[in-house]
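In what follows, a single structure is set out as structure tokens and then discussed.
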Amino acid sequence: MALLRQILSSRTFAKSVRLARFLEFICLRTLEGKAREINEQQIGIHVFSRSPHYIASEDSIVRTQARLLRLRLDEYFESEAPHSPMVISIPKGGYVPVFEPRQSVLVTAPPIPSSSVAVKPEAALPESEIRSEDRPHRRQWLGIAAASVILLILAGWGFHLWMRARIDSPSHLLWSGIFAPGQRAILVPSDDALVLYQELIQAAVPLDEYLSGSYLEQSNPRVGNAELTSNWFAAHQYTSTADLNLAMRLGRLPEAVNADVETRNARVLRLDDLKSSNIVLIGGIGANPWIALFADRLNFDVNYDWKTSEGYVRNKHLQSGEAPIYYEALSNGFRRSYGVLAFLPGLGDDGNVLLFEGTGMAGTESAADFPFNSRSFDDFAHRIGATSTHMPHFEALLETTSVGGNAPESRLIAWRIIQP
């Protein structure tokens with residue numbers, strides 16, 4: 001819907017990615033005829049990356065953000081779109097949005113005291129007069145029905161325009177490069193068991209050892225008095241809830257509907273898969289060693305020092321105003337993290353790869369949110385020369401300040417175009 005797109009790209013919502021994502025989720029669900037699926041639990045899972053098993057009654061994030069979203073919508077229609085013929089509201093007590101014409105102020109005449117009216121006995125009216133009195137009511141109902149039909153037509157046309165705008169958007173070009181009809185797309189979340197192993201031995205595992213599994217035979221790290229054997233690591237495949245939520249979010253994109261999409265653990269992925277499919281890799285090189293295959297093509301090298309527990313991004317070829325290394329750091333209770341979104345050619349003849357990397361969970365989240373923020377990503381796409389039919393390969397470095405691992409806002413600080 002054109003109205004939704006205008007709201008999401010407005011100044012009011014530009015600096016509130018989470019509220020924009022909240023509004024987009026509930027509006028799309030409603031327009032798709034899935035309003036019954038809109039509830040606190042589903043919003044927490046799909047918008048705020050909560051676990052599928054989280055207890056909504058013990059976590060007030062959805063209720064808190066819903067109050068802020070209602071205030072932000074009121075602010076938008078009062079300040080930025082005071083003359084908009086249509087408005088979107090979220091009635092209290094639920095989360096299903098309502099699309100309705102802007103209400104005008106009705107002036108009602110004051111009631112006349114009954115004592116000032118002389119009451120005469122009612123006389124029976126002829127049938128012809130009764131019928132004539134029914135006509136205004138009939139005309140009123142016909143007018144209401146006609147207005148309803150017009151509103152439905154306008155809503156349908158608005159949805160059509162919104163779909164047209166989506167097809168013409170840069171993000172559609174990006175998603176179409178991964179989710180192409182008839183092609184397989186593999187989503188690969190991080191291997192958090194590998195992260196645990198590297199934290200315990202305080203060293204990185206190279207890709208060749210990861211593929212062969214030989215790293216599990218070299219040492220058995222200990223947690224206290226307990227020894228974690230190679231069999232234990234081989235039997236446990238973990239990934240983060242945030243990564244799985246991103247994979248599900250990608251799988252629900254309209255562009256992914258006609259594509260062959262599957263999610264696969266990094267440990268069971270094979271090199272032939274990267275040559276024959278479009279690939280999405282989630283997590284930095286420490287959590288997803290497959291990223292090492294593309295390191296030579298990238299300028300921004302996301303890495304992690306296991307001895308100091310410090311994430312950083314190395315800038316291989318500096319440009320004016322850039323730093324050689326961007327370190328993740330903690331200051332005044334806020335953690336500054338970095339994320340990299342990279343879209344580059346795959347290992348096969350015509351495939352593509354999309355990388356969501358980060359110095360930590362918040363950094364990866366900033367990279368994941370970037371292409372879903374239509375205003376920020378559209379501006380970036382125009383800067384790198386994207387057209388209505390072509391999206392250049394690129395890498396973008398983002399900085400975010402997070403609290404508790406969440407990345408509420410991020411900003412683009414550097415980018416590169418990846419040549420074929």
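Following the numbering used here, the numbering of the sequence shown begins with 1 at its first residue and continues without gaps.
Backbone N, C-alpha and C fix where the C-beta goes; we use that ideal spot for every residue, glycine too.
- Taking 7 Å as the cut-off, the Cβ atoms of P345 and S171 do not count as close.
- Within the stretch 50 to 104, complete alpha helix (DSSP H) segments of at least 4 residues are found at 61 to 75, given in chain order.
- The alpha-carbon separation between R222 and Q202 amounts to approximately 12 Å.
- With a 10 Å radius around the Cβ and a threshold of 16 neighbouring Cβ atoms, H53 comes out exposed.
- Look at the stretch 197 to 267 and you find these whole runs of beta strand (DSSP E), each 3 residues long or longer: 260 to 263.
- Within the same chain, Cβ atoms closer than 8 Å to the Cβ of L207 are found at P289, W290, A292 and L293, the five residues on either side in sequence being excluded.
- Between the C-alpha atoms of P85 and V47 there is a straight-line separation of about 29 Å.
- DSSP lists N352 as the beta-bridge partner residues of P345.
- Q42 counts as buried, since at least 16 other C-beta atoms from the protein chains shown sit within 10 angstroms of its C-beta.
- Shown here, W306 sits in coil according to DSSP, grouped into three states, outside any helix or strand.
- The beta carbons of I413 and P392 sit about 19 Å from each other, so the pair does not count as a contact at 8 Å.
- Segment contact: the stretch 307 to 314 against the stretch 366 to 384, fewer than three CB-CB distances shorter than 8 Å; contact not assigned.
- By the criterion of at least three beta-carbon pairs nearer than 8 Å, the stretch 316 to 326 is not in contact with the stretch 206 to 220.
- The beta carbon of F356 sits closer than 6 Å to the beta carbons of I282, T364, A367 and A368 from its chain, once the five residues preceding and following it are set aside; these are given in chain order.
- Around the beta carbon of G360, 16 or more other beta carbons sit within 10 angstroms, so the residue counts as buried.
- Beta-bridge partners assigned by DSSP to N315: F300.
- Under the three-state reduction of DSSP, F377 is assigned to helix.
- Between F300 and the set E399, A386, I38 and Y95, the nearest pair of CA atoms involves E399.
- Take I26, set aside five residues on each side of it, and the residues of its chain with a beta-carbon closer than 8 Å to its own are I38, I43, I90, Y95, V96 and P97, in chain order.
- Assigned with DSSP and collapsed to three states, T400 falls in strand.
- Among the bridge pairs identified by DSSP, W415 is matched with A396.
- With fewer than 16 neighbouring CB atoms inside 10 Å of its own CB, L271 falls in the exposed class.
- By the criterion of a C-beta distance shorter than 7 Å, N258 is surrounded in its chain by P181, once the five residues flanking it on both sides are discounted.
- The closest CA to that of L269, considering only E40, L28 and I186, is found on I186.
- DSSP places V17 within a helical segment (H, G or I) once states are collapsed to three.
- By the Cβ-count criterion, T389 is exposed, with fewer than 16 other Cβ atoms from all chains shown falling within 10 Å of its own Cβ.
- Beta-bridge partners of N278 (DSSP): A185.
- L330: member of the beta strand (DSSP E) spanning A329 to S331, first to last residue.
- CA-CA distance, G351 to F179, rounds to 10 Å.
- The C-beta separation of Q183 from N278 comes to about 6 Å, placing the pair in contact by the 8 Å criterion.
- Scanning its chain for C-beta atoms nearer than 6 Å, with the 5 sequence neighbours on each side dropped, one finds around V353 the residues I279, L344 and G346, in chain order.
- Where L293 is concerned, there is no enclosing alpha helix (DSSP H), because DSSP gives it neither an H nor an E.
- A distance below 7 Å separates the beta carbons of R267 and D191.
- In this structure, DSSP gives F179 a state outside helix and strand, which the three-state scheme calls coil.
- Each of L330, D379 and R375 was checked against the Cα of A20, and the nearest Cα belongs to R375.
- Cβ contact annotation for L397 (same chain, cutoff 6 Å, sequence separation greater than five): F300, V340, I413 and A414, in chain order.
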